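Scroll down for the structure; my scribbles are underneath it.
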Amino acid sequence: MKSKRIAIVSHVNPFSKGSGQVERVYNTLLALAYEWEELTIFTLHENKSYLDKIEVLRSVNKRISIVYVKNKKPNWLVAFLFKFLPYLGYGKESNFSIPFLFDGIENELATKFDVVLFEYWHLYKLAKRLKNRGIFVICDTHNILLNSFTEFIRKKKWFPKIYQSFLIKRYTHLEFEIALKENFNVVIAINKEEEKILKRKFPNQKIYYFPMGIKLKPIITTRVKKEIPNQYTVVYYGGLSSIRNSQAALQVIQAIEKIKEIEIHLIIVGSNAPSFLKGYIAEKKGITMLGFVENLEEAFKGVDLAVIPFEGKYGFRSRLIELMHYEIPILTTEDAVWGMGFIDKENVLISRSVWEKDIQIALQQVDLRTQIAKNAKNIIEEEFTFEKTYLKFASDLIQMVD
Numbered sequence: 040m041k042s043k044r045i046a047i048v049s050h051v052n053p054f055s056k057g058s059g060q061v062e063r064v065y066n067t068l069l070a071l072a073y074e075w076e077e078l079t080i081f082t083l084h085e086n087k088s089y090l091d092k093i094e095v096l097r098s099v100n101k102r103i104s105i106v107y108v109k110n111k112k113p114n115w116l117v118a119f120l121f122k123f124l125p126y127l128g129y130g131k132e133s134n135f136s137i138p139f140l141f142d143g144i145e146n147e148l149a150t151k152f153d154v155v156l157f158e159y160w161h162l163y164k165l166a167k168r169l170k171n172r173g174i175f176v177i178c179d180t181h182n183i184l185l186n187s188f189t190e191f192i193r194k195k196k197w198f199p200k201i202y203q204s205f206l207i208k209r210y211t212h213l214e215f216e217i218a219l220k221e222n223f224n225v226v227i228a229i230n231k232e233e234e235k236i237l238k239r240k241f242p243n244q245k246i247y248y249f250p251m252g253i254k255l256k257p258i259i260t261t262r263v264k265k266e267i268p269n270q271y272t273v274v275y276y277g278g279l280s281s282i283r284n285s286q287a288a289l290q291v292i293q294a295i296e297k298i299k300e301i302e303i304h305l306i307i308v309g310s311n312a313p314s315f316l317k318g319y320i321a322e323k324k325g326i327t328m329l330g331f332v333e334n335l336e337e338a339f340k341g342v343d344l345a346v347i348p349f350e351g352k353y354g355f356r357s358r359l360i361e362l363m364h365y366e367i368p369i370l371t372t373e374d375a376v377w378g379m380g381f382i383d384k385e386n387v388l389i390s391r392s393v394w395e396k397d398i399q400i401a402l403q404q405v406d407l408r409t410q411i412a413k414n415a416k417n418i419i420e421e422e423f424t425f426e427k428t429y430l431k432f433a434s435d436l437i438q439m440v441d
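If you want it as structure tokens, here you go:
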């Protein structure tokens with residue numbers, strides 16, 4: 040076990056529940072707890088922490104400290120600037136609010152730790168100062184934020200095209216020419232395509248490929264073939280708090296409503312559904328909203344197909360590999376599997392037509408669904424386990440620091 044001291048700085052509280060980002064930070068902490076003697080996490084929102092997650096972490100390593108940074112509020116002028124400056128091309132509100140919240144931790148990081156892992160690049164100025172003081176600093180990008188920012192801007196149809204292009208150009212400069220350039224000893228890429236982009240942008244920097252993984256749980260029940268023809272169960276799985284995901288769930292509902300030839304029961308697994316989605320579902324038959332689910336095996340029992348119409352080429356879709364672990368065949372988009380290494384009709388199904396048509400075709404191709412689900416599960420066990428992602432990173436980090 041490494042004797043050096045490591046700190047993790049994350050505005051995402053790893054002890055909360057819900058998003059894939061939360062689980063990535065938590066699993067990273069858990070893996071580091073096995074390999075490093077002293078570990079400290081600086082994060083926000085103590086009221087959102089679940090004690091059971093903390094207890095699991097401390098059962099692995101008792102020398103873990105949690106520092107909750109005070110969730111201070113800016114005065115009215117500073118708050119106004121945080122919201123206004125992004126419209127002048129200075130990033131997003133988070134580029135100002137996150138450094139504001141974590142202001143004051145620099146001296147402790149510089150004097151008490153040998154290694155600092157930053158979740159996202161928002162604190163690049165702090166990272167640069169620490170690096171200049173001899174601290175080994177790492178940035179887990181989680182995803183190239185330019186890609187999600189571009190999608191965010193393009194959806195603002197009321198912005199003139201020339202203004203949209205201006206904001207995207209400015210953000211590109213911020214991410215690639217200022218934030219990530221030479222401020223970190225190691226920059227982490229979350230998928231294979233983003234690894235290529237970062238290596239091309241920063242040929243002289245250490246780029247480390249570190250995808251998301253999952254803890255494989257033993258599967259108790261065996262999947263059985265349907266006994267009733269033309270009756271199927273479809274699942275949508277994903278957190279519903281974001282507009283993007285809730286609209287994706289609605290897209291699945293509306294596609295299934297157009298299918299008349301077969302009977303489909305839809306299950307929606309995901310927390311924090313917005314009121315418009317709850318209201319829409321309340322008026323429909325054949326839809327079960329489960330919310331947040333602890334026992335996914337039970338929720339996925341009898342499911343024939345997962346339909347995940349995610350848009351946007353960025354990051355890593357951890358929900359997909361969870362579904363694959365439970366041997367659920369997936370119909371999704373090229374965007375969703377971008378950089379993950381999955382291939383259409385081999386370990387996933389890619390929708391290239393209208394959703395209702397592709398859903399019906401997929402459901403009726405039983406042998407193909409069965410085979411791609413098995414193929415996908417094999418890839419998960421070969422590449423995306425906790426051991427081959429998180430523990431590998433924790434072990435490799437020791438070599439990088441030495």
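Counting in our numbering, the sequence shown runs from 40 upward without gaps.
The beta carbon of each residue, even a glycine, is placed where N, CA and C say it ideally should be.
From a predicted model like this one, the values you see are computed outputs, not experimental measurements.
Q: Could you tell me which of T67, L120, V51 sits nearest to N86, measuring between CA atoms?
A: To locate residue 86, count along the sequence shown from 1; it is residue 47. For the residues T67, L120, V51, the minimum Cα distance to N86 belongs to V51.
Q | As assigned by DSSP and simplified to three states, the class of Q244 | A | In the sequence shown, residue 244 corresponds to position 205, counting from 1. Note: Q244 maps to coil in three-state DSSP.
Q: Kindly give me the distance between the Cβ atoms of L481 and I295, rounded to whole angstroms, as I take these residues to be in contact under 8 Å.
A: Not covered by the structure: residue 481. The range shown for the chain is 40 to 441.
Q) For the beta strand (DSSP E) that contains F121, what are its first and last residues? A) Start at 1 with the first residue of the sequence shown, and residue 121 comes out as number 82. Counting along the chain, F121 falls outside any beta strand (DSSP E), though it belongs to the alpha helix (DSSP H) covering 115-123.
Q. Taking E350 as the reference, which of D142, I201, A375, I326 has the closest Cα?
A. Position 311 of the sequence shown holds residue 350. Cα-wise, what sits closest to E350 is A375.
Q. Hey, is the region 128-140 in contact with the region 208-228, meaning 3+ C-beta pairs nearer than 8 Å?
A. yes
Q) Who are the Cβ neighbours of I418 in its own chain at under 8 Å, not counting the five residues just before and after it? A) Taking the first residue of the sequence shown as 1, we reach residue 418 at position 379. Contacts found: M363, G380, F381, N386.
Q | Residues that D383 bridges to, as DSSP identifies them | A | For the purposes of this step, residue 383 is taken as residue 344 along the sequence shown, with counting starting at 1. DSSP, once it has assigned bridges, lists V387 as partnering D383.
Q) When you compare each of I144, I103, L184, N100 to K109 by their alpha carbons, which one comes out closest? A) As a working note, residue 109 is residue 70 in the sequence shown. For K109, the nearest C-alpha among the options comes from I144.
Q: Ignore the nearest five residues each way along the sequence and tell me which others in N171's own chain have a CB closer than 6 Å to its CB.
A: Translated into positions along the sequence shown, residue 171 becomes position 132. Contacts found: none.
Q) So what's W394 in DSSP terms, helix, strand or just coil? A) Numbered from its first residue, the sequence shown carries residue 394 at position 355. Three-state result, W394: helix.
Q.
Which residue wins for smallest C-alpha separation from A525, given the options E361, E62, T428?
A. In this structure the chain extends from 40 to 441, so residue 525 is not present and cannot be described.
Q) Would you say I301 and L402 are within 8 Å of each other, going by their C-beta atoms? A) Within the sequence shown, residue 301 is the residue found at index 262, counting from 1. Within the sequence shown, residue 402 is the residue found at index 363, counting from 1. Contact flag set, yes.
Q.
To the nearest angstrom, how far is the alpha carbon of I437 from that of L430?
A. Taking the first residue of the sequence shown as position 1, residue 437 is located at position 398. Taking the first residue of the sequence shown as position 1, residue 430 is located at position 391. Going by the C-alpha atoms only, they are around 11 Å apart.
Q. Does the Cβ of L89 have 16 or more other Cβ atoms within 10 Å, making it buried, or fewer, making it exposed?
A. Working through the sequence shown from its first residue, we reach residue 89 at position 50. Checking the sequence, you will find Tyr at residue 89 rather than Leu. Per the 10 Å Cβ criterion, exposed.
Q) Ordered along the chain, which non-local residues of its own chain (more than five positions away) have a Cβ less than 6 Å from that of G325? A) Within the sequence shown, residue 325 is the residue found at index 286, counting from 1. If we look at G325 and ignore the five residues flanking it on each side, its Cβ neighbours are H304.
Q) By Cβ distance below 8 Å, which residues in the same chain neighbour L162 in space, the five residues on each side in sequence not counted? A) As a first step, residue 162 must be located in the sequence shown, where it is residue number 123. Once the five neighbours on either side are set aside, the close Cβ partners of L162 are V48, I137, P138, F141.
Q. Do V225 and A46 have their C-beta atoms within less than 8 Å of each other?
A. Position 186 of the sequence shown holds residue 225. Position 7 of the sequence shown holds residue 46. No, they are not a contact pair.
**Q.** Sheet register partners of E189 (DSSP bridge)
**A.** Within the sequence shown, residue 189 is the residue found at index 150, counting from 1. Strictly speaking, residue 189 in this sequence is Thr, with Glu absent from that position. DSSP lists no partner for T189.
Q: Report the rounded CA-to-CA distance for E62 versus P53, giving the unit in angstroms.
A: Within the sequence shown, residue 62 is the residue found at index 23, counting from 1. Within the sequence shown, residue 53 is the residue found at index 14, counting from 1. Each residue's Cα considered, the two are about 7 Å apart.
Q.
Restricting to Cα atoms, I'd like to know which of T82, K416, K151, I80 is closest to G252.
A. The sequence position of residue 252 within the sequence shown is 213, counting from 1. Considering only alpha carbons, the answer is K416.
Q: Would you kindly work out how many angstroms separate the C-alpha atoms of A70 and E322, rounded to a whole number?
A: The residue labelled residue 70 in the question sits at position 31 within the sequence shown. The residue labelled residue 322 in the question sits at position 283 within the sequence shown. Roughly 45 Å between the two C-alpha positions.
**Q.** Residue(s) in a DSSP beta bridge with L305
**A.** Counting from one through the sequence shown, the residue named residue 305 turns up at place 266. Bridge partners of L305: V273, I326.
Q | Rounded C-alpha distance that separates V176 from L68 | A | Stepping through the sequence shown from its first residue, residue 176 is reached at position 137. Stepping through the sequence shown from its first residue, residue 68 is reached at position 29. Answer to the nearest angstrom: the Cα atoms are 16 Å apart.
Q) Under three-state DSSP, which class holds T372? A) Numbered from its first residue, the sequence shown carries residue 372 at position 333. It is coil, neither helix nor strand.
Q. Counting along the chain, where does the beta strand (DSSP E) carrying I105 start and finish?
A. The residue you call residue 105 lines up with position 66 of the sequence shown. Element bounds for I105: 103-107.
Q.
Assuming contact is defined by CB atoms lying nearer than 8 Å, are L344 and A338 in contact in what I supplied?
A. Taking the first residue of the sequence shown as position 1, residue 344 is located at position 305. Taking the first residue of the sequence shown as position 1, residue 338 is located at position 299. Cβ atoms of L344 and A338: not closer than 8 Å.
**Q.** Three-state secondary structure (DSSP) of A312
**A.** Residue numbering aside, residue 312 sits at position 273 when the sequence shown is read from its first letter. A312 falls in the coil class under three-state DSSP.
Q | Residue span of the alpha helix (DSSP H) that contains A338, given as start and end | A | The residue you call residue 338 lines up with position 299 of the sequence shown. Its alpha helix (DSSP H) spans residues 335-338.
Q | Proximity to R356 [Cα-Cα], best of W377, K427, L370, P368 | A | As a position in the sequence shown, residue 356 is number 317, starting the count at 1. That would be W377, whose Cα lies nearest to the Cα of R356.
Q) Once you ignore the five residues that flank Y248 on each side, which residues in its own chain have a CB closer than 6 Å to its CB? A) On the sequence shown, position 209 is the one that residue 248 refers to. Excluding positions up to five away in sequence, the list reads A228, E234.
Q. Three-state secondary structure (DSSP) at E296?
A. Your numbering for residue 296 matches position 257 in the sequence shown. E296: helix per DSSP, three-state reduction.
(Q) Need the endpoints of the beta strand (DSSP E) that I177 sits in, please. (A) Working through the sequence shown from its first residue, we reach residue 177 at position 138. Note, I177: beta strand (DSSP E), 175-179.
Q: Measure the alpha-carbon distance for I174 versus N414 and round it to whole angstroms.
A: By 1-based counting over the sequence shown, the position of residue 174 is 135. By 1-based counting over the sequence shown, the position of residue 414 is 375. Distance between the alpha carbons of I174 and N414 is about 43 Å.
**Q.** DSSP bridge partner residues for T211 (one or two, in chain order)
**A.** Numbered from 1 along the sequence shown, position 172 holds the residue referred to as residue 211. According to DSSP, T211 bridges with nothing at all.
Q.
For I444, count the other beta carbons within 10 Å of its own beta carbon; 16 or more makes it buried, fewer makes it exposed. Which is it?
A. Residue 444 is absent from the structure shown; the chain starts at 40 and stops at 441.
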